[in-house]
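Chains as they are written, first to last, in the numbering used here: chain A, 1 to 388; chain B, 389 to 776.
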């Protein structure tokens, strides 16, 4: 097992009818900024319910944070935070709204060109760059990214998606009410399950370091997602299924399963380029890339792929290569069972566009991906061809 | 799944050669109080190493916190905290030292009779009783209780063991260096494994509430402990085995696997009386009580016992009652494989002393134990007779 640090101070408030807790954790004299997305939280009446709980506090609102939140949009919110002297932010939505809010709070406390904050990637932004933020809580409406219980964000700027992290960007609290997911469109539920699944495989399908518990927890999340995947998409108001979906998505990326073990993240990095270039949903891009990545890297990942085949898919009677084939096939079939297509060509992409993706990886310096840094642009090209 | 809150702000610093991190997380101008136990941390040179890292900070020491830390001992430390205006405490040791330190920090900020703080049990001490504490970190030397990443303590006073909890008693940081466990006596390693195992079963062997991930994580901890149990006792310097032991013990009681599911704790409550009356080690008391409890409550716990048999012990071809018998038998055999005896009579207790244990449960008001509150003193008696 590798040495590791684990720190996660976010308070999780999980279950039905928990909105009243906002009143306990937002200071009574706060000037509150409610951030949200395309308007469904507004239309559903959720924003009004939250304002009702906030009572006499001074409230400002900012809607319109888009999927894959854009720098330009977020900077408009930064202007409001500064002008109105906001001292608490409440993000109401899914990963895009929460990610965007993390950037808003950082950029509100940075007095130079905020594009600087996009350059740190997976490094944490040092305290001497941003040393304090406006505290924020979240009300989660879309289980997928885990942003509600971690310190990471992904921000879109021009044709790139940029990871942004700081030790200061853990939400103070997150309200996880599974009933808030009942009104989600099927495709968003399906994308959310794929996202949580691939967050887990990024931290699990690497090479073994005898992190027995990390492996078992990752396998537990994968098995749970497999069990609840189809029902979560089909049964809008199945509380227990949605509760397991929400909690799996949160724990898939709160730092715990990745503590002390190698991490890959190639699928996300290639996936980000597919979203940026072609507008394919984040979850869909992961479903396209992961099976192909596992195929191309099957020798380097052999030990963990066999463990995955045996423990997650209960494939036990075949030889090693057959086990791996079957595990990859079952992974694709699982995504497809949720209604998510797993081939690039099924999204209207042409074979000769693959080179554009590879070029964008080069532009963004992503030329040595994976847990072993051996995914060069040539290997990425092979993965994309395999995914075609 | 039940509604739940999860909050755990302790920073884990895990791995080899991490002591230097103390310098980062203890304020530079702190007046530091180092608390420790019987002296092995002193003799091994660990305390000196820590003092070296603390450098020029003003340091006071308090050794002699005993196993099952006693109120009277801890109150002597409280006097030092008040007199020396201590503003950071560093607990160096296992669960007893860390539990004791939690009580010290609470009692140092309570201005009436500190025995009052023993009366809250599993309720958190309200902020209007103790609203602030002296912050503290830990350096863990004995993996077992999970105290290094939770807010609970158990304090001994007269003939009782009293749970004490507060939202303020999470360690600020805990250094978990598996090499610090290399010098432990075998019995302490074995007791630690049993303790972590039974912390897990207390939160798992109850009744099902469709907490799929909590179940999978609990099963992951149990499977890990079963895999590393015998090697952890036999191989003093097997780093990976000890690393898995340490991390399993921490995660068994950091609040995660118990979030949103029923909890039992009968084994601990009866076990506490056995320690208080007969001085049997905490881990040993758990190994005595758990198999008997599972036998007596096999009908109420049937669904989870079958899941335990199948997923943890891979017992699949027998009928239901045989599965449960075999799972209980394997549990006892596992404890015995670590060198821990599982029957009361093997500890020199006489059959006619059982009634004294039952009487103590009554004295302490523990007359409706378990996740269904149906373990009356009569049922406790039956459990103890079964454990004889």
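Glycine included, every Cβ here is placed at the ideal spot set by N, Cα and C.
query                                                                                                                                       : result
In DSSP terms, what residue 13 (chain A) is bridged to                                                                                      : A:175 and B:393
Neighbour-count burial assignment, residue 273 (chain A), 16 or more Cβ in a 10 Å radius                                                    : buried
Within-9 Å CB hit, residue 628 (chain B) to chain A                                                                                         : yes
Contact set between residue 516 (chain B) and chain A, taken where Cβ atoms lie within less than 8 Å                                        : None at all; the shortest Cβ gap to chain A is about 15 Å.
Where the alpha helix (DSSP H) containing residue 549 (chain B) begins and where it ends                                                    : Looking at the DSSP string, residue 549 (chain B) is not in any alpha helix (DSSP H); the run it does join, the beta strand (DSSP E), is 548-553.
Reduced DSSP secondary structure (H/G/I, E/B, other) of residue 478 (chain B)                                                               : strand
Strand pairing of residue 540 (chain B), partner residues [DSSP]                                                                            : B:553
Contacting positions in the region 393-418 of chain B - beta carbon closer than 9 Å to chain A                                              : 393, 394, 395, 396, 397, 398, 399, 400, 401, 402, 403, 404, 405, 406 and 409
Those residues which DSSP pairs with residue 421 (chain B) across a bridge                                                                  : B:448 and B:477
Rounded distance between the beta-carbons of residue 570 (chain B) and residue 625 (chain B), thought under 8 Å                             : 5 Å
Inter-residue Cα distance where the pair is residue 664 (chain B) and residue 621 (chain B)                                                 : 26 Å
is_contact[residue 493 (chain B), chain A] using C-beta, thresh 9 Å                                                                         : no
Short Cβ contact (9 Å threshold) for residue 638 (chain B) with residue 610 (chain B)                                                       : no
DSSP three-state assignment for residue 517 (chain B), whether helix, strand or coil                                                        : coil
Extent of the continuous alpha helix (DSSP H) to which residue 344 (chain A) belongs                                                        : That residue, residue 344 (chain A), is in no alpha helix (DSSP H); it is neither H nor E in DSSP.
Inter-stretch contact at 8 Å, needing at least 3 Cβ pairs: the region 574-587 of chain B / the region 732-741 of chain B                    : no
Span separating the alpha-carbon of residue 775 (chain B) from that of residue 706 (chain B)                                                : 25 Å
For residue 568 (chain B), three-class secondary structure by DSSP                                                                          : helix
Where residue 228 (chain A) sits in the DSSP three-state scheme                                                                             : helix
Where residue 538 (chain B) falls, given that 16 or more other Cβ within 10 Å makes a residue buried                                        : buried
Nearest-angstrom Cβ-Cβ length linking residue 410 (chain B) and residue 564 (chain B), presumed shorter than 8 Å                            : That belief does not hold up - the Cβ atoms of residue 410 (chain B) and residue 564 (chain B) are roughly 13 Å apart, past 8 Å.
Cα-Cα separation between residue 54 (chain A) and residue 134 (chain A), rounded to whole angstroms                                         : 17 Å
First through last residue of the beta strand (DSSP E) which encompasses residue 649 (chain B)                                              : Unbroken run through residue 649 (chain B): none, as it is neither H nor E.
Exposure of residue 321 (chain A), with buried meaning 16 or more beta-carbon neighbours within 10 Å                                        : exposed
Beta carbon proximity, residue 259 (chain A) to chain B, threshold 9 Å                                                                      : yes
For residue 651 (chain B), the nearest candidate out of B:594, B:602 and B:659 (CA to CA)                                                   : B:594
Neighbour-count burial assignment, residue 39 (chain A), 16 or more Cβ in a 10 Å radius                                                     : exposed
Cβ-based contacts, 8 Å cut-off: residues of the region 285-299 of chain A near chain B                                                      : none
Chain B contacts made by the region 220-237 of chain A, where a contact means CB separation under 9 Å                                       : 220, 221, 223, 224, 227 and 228
Between the CA atoms of residue 641 (chain B) and residue 143 (chain A) - distance to the nearest angstrom                                  : 26 Å
Coarse secondary structure for residue 70 (chain A), derived from DSSP in three states                                                      : strand
Beta-carbon contacts of residue 296 (chain A) that lie in its chain and below 7 Å, excluding the five residues immediately before and after : 379, 382, 383 and 386
Chain-ordered neighbours of residue 653 (chain B) on chain A, where CB pairs are closer than 7 Å                                            : Per Cβ cutoff of 7 Å: no residues; residue 653 (chain B) is ~21 Å from chain A at best.
Among B:407, B:500 and B:693, the one whose alpha carbon lies nearest that of residue 596 (chain B)                                         : B:693
Where residue 137 (chain A) falls: helix, strand or coil (DSSP)                                                                             : strand
Start-to-end residues for the alpha helix (DSSP H) that takes in residue 254 (chain A)                                                      : Where residue 254 (chain A) is concerned, there is no enclosing alpha helix (DSSP H), given that its DSSP letter is neither H nor E.
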